[in-house]
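Chemist:
Residue numbers (this note's numbering): 67 to 177.
Laid out in structure tokens, this is it:
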């Protein structure tokens with residue numbers, strides 16, 4: 067399940083987590099109308115976050131892939147929850163490690 071937040075850097079506020087893009091657009095529009103008279107604040111941000119509240123865009127590629135796998139596994143049990151359970155994080159690490167070992171094995175066999 068995807069999670070989105072809206073962040074206004076002028077007011078230094080972050081919206082609650084929403085699960086639909088339409089709800090994200092409504093959060094931003096409501097904030098702009100209520101506090102900024104409809105004007106768009108400089109450097110406002112809206113985007114997808116993981117279950118820990120970290121922006122995917124700010125994570126490195128490997129960490130973002132780990133977070134997405136962990137989120138997917140965690141959502142199997144509790145789709146609206148937060149945090150990364152240890153079992154989901156360990157499974158994501160094992161999956162990424164085994165994929166890296168497989169690629170390394172194939173490359174070494176080809177050379």
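From the three backbone atoms N, C-alpha and C, an ideal C-beta is built for every residue, glycine too.
Near residue 114, which residues of its chain fall below 7 angstroms by C-beta distance, leaving aside the five closest residues on each side in sequence?
Modeler: Hits under 7 angstroms: 68, 69, 70 and 122.
Chemist: Whose C-alpha, out of 175, 166, 131 and 77, is nearest the C-alpha of residue 224?
Modeler: What the structure shows of the chain is the stretch from 67 to 177, and residue 224 is not part of that stretch, so it cannot be assessed.
Chemist: Do you know whose CA, among 88, 159, 177 and 79, lies nearest residue 26's CA?
Modeler: Outside the shown range of the chain (67 to 177) lies residue 26, about which nothing can therefore be said.
Chemist: Assign residue 163 to one of two classes, buried (16 or more other C-beta atoms within 10 Å of its C-beta) or exposed (fewer than that).
Modeler: Flag for residue 163 reads exposed.
Chemist: Which of helix, strand or coil does DSSP assign to residue 86?
Modeler: In this structure, residue 86 counts as coil in the three-state DSSP scheme.
Chemist: Check each candidate in 102, 118, 109 and 107 and name the one with the smallest Cα separation from residue 83.
Modeler: Nearest of 102, 118, 109 and 107 to residue 83, Cα basis: 118.
Chemist: So, helix, strand or coil for residue 68, using DSSP?
Modeler: Coil at residue 68, not helix or strand.
Chemist: Looking only at DSSP bridge pairs, what is residue 111 linked to?
Modeler: Partner(s): 73.
Chemist: Indicate the three-state DSSP secondary structure (helix, strand or coil) for residue 136 in the structure shown.
Modeler: Correct three-state label for residue 136: helix.
Chemist: Residue 112: which of 130, 72 and 167 sits nearest, CA to CA?
Modeler: When only C-alpha atoms are compared, the closest one is 72.
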